[in-house]
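Trainee: Count along the sequence shown from 1, then add 32; that gives the number in my numbering. Where a beta carbon is used, it is the ideal one built from N, C-alpha and C, also for glycine.
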Amino acid sequence: IADPVREESFEDPGDAKAVFLIDDTNTGTYHVAYTPTVRGTYRVDVKRPKIAEVQQVVLSATSQLGGSFTLSIGDETTPSQDFDEAVEDIAADLEAFTGITGTVLFSETPLANGGRTLEFTFDGA
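1) Can you check which of these residues, Leu126, Val119, Gly147, Phe129, is closest to Ser139 by C-alpha distance?
2) Go to Leu91, then tell me how far its beta strand (DSSP E) extends in each direction, as first and last residue.
3) Distance check for Thr133 and Glu108, CA to CA, integer angstroms please.
4) Does the separation of the CB atoms of Leu126 and Leu103 fall below 8 Å?
5) What residues are listed by DSSP as bridge partners for Val136?
6) On the criterion of 16 or more Cβ atoms from any shown chain inside 10 Å, does Ala123 qualify as buried, or is it exposed?
7) How would you call Asp35, buried or exposed, if buried means at least 16 neighbouring beta carbons within 10 angstroms?
8) Could you spell out where the alpha helix (DSSP H) holding Val119 opens and where it closes?
9) Do Phe101 and Gln87 have their CB atoms nearer than 8 Å?
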């Protein structure tokens, strides 16, 4: 492939060698290149940079809001959340998921009739 090497994709400690990202077309498919200098068997590990994912949950109604809801990621679901559950408690429930690494950041914006917009940022989703 004639694409130029853009940048080192990660640094490894010790005797490991850096692998360079050659092609990134935002398709989820990457081409990595490593040219060994000694004959043998090599293992190539590809590490992607962390990308924060932001999800919004909008709770709204035309009259006074009530009820409960759950949030799911993959096959994990939070316990039932009251409509007025503290956003930090919801974030703590999301952080307990086995598929979530890192911290779940959160914010809340009030809406009419007791509604609100909850925003969750997964810093290592």
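Mentor: With the given structure in hand:
1) Mapped onto the sequence shown, residue 139 falls at position 107. Looking only at Leu126, Val119, Gly147, Phe129, the smallest Cα-Cα distance to Ser139 is reached by Val119.
2) To locate residue 91, count along the sequence shown from 1; it is residue 59. Here the beta strand (DSSP E) through Leu91 covers 85 to 91.
3) Numbered from its first residue, the sequence shown carries residue 108 at position 76. Numbered from its first residue, the sequence shown carries residue 133 at position 101. Taking the straight line joining both Cα atoms gives about 14 Å.
4) Within the sequence shown, numbered from 1, the residue matching residue 126 stands at position 94. Within the sequence shown, numbered from 1, the residue matching residue 103 stands at position 71. In contact: Leu126 and Leu103 (Cβ atoms closer than 8 Å).
5) Counting from 1 along the sequence shown, the entry for residue 136 is found at position 104. According to DSSP, which records beta bridges pairwise, Val136 is partnered with Phe154.
6) Position 91 of the sequence shown, counted from the start, is the residue given in the question as residue 123. Buried, by the Cβ-count rule.
7) By 1-based counting over the sequence shown, the position of residue 35 is 3. Reliability fails at Asp35, whose pLDDT of 39 lies under 50, so the model's placement of it is uncertain and the value that follows must be treated cautiously. The residue is exposed, with fewer than 16 neighbouring Cβ atoms inside 10 Å.
8) Taking the first residue of the sequence shown as 1, we reach residue 119 at position 87. Element bounds for Val119: 119 to 127.
9) Stepping through the sequence shown from its first residue, residue 101 is reached at position 69. Stepping through the sequence shown from its first residue, residue 87 is reached at position 55. No, the pair does not count as a contact, with Cβ atoms beyond the cut-off.
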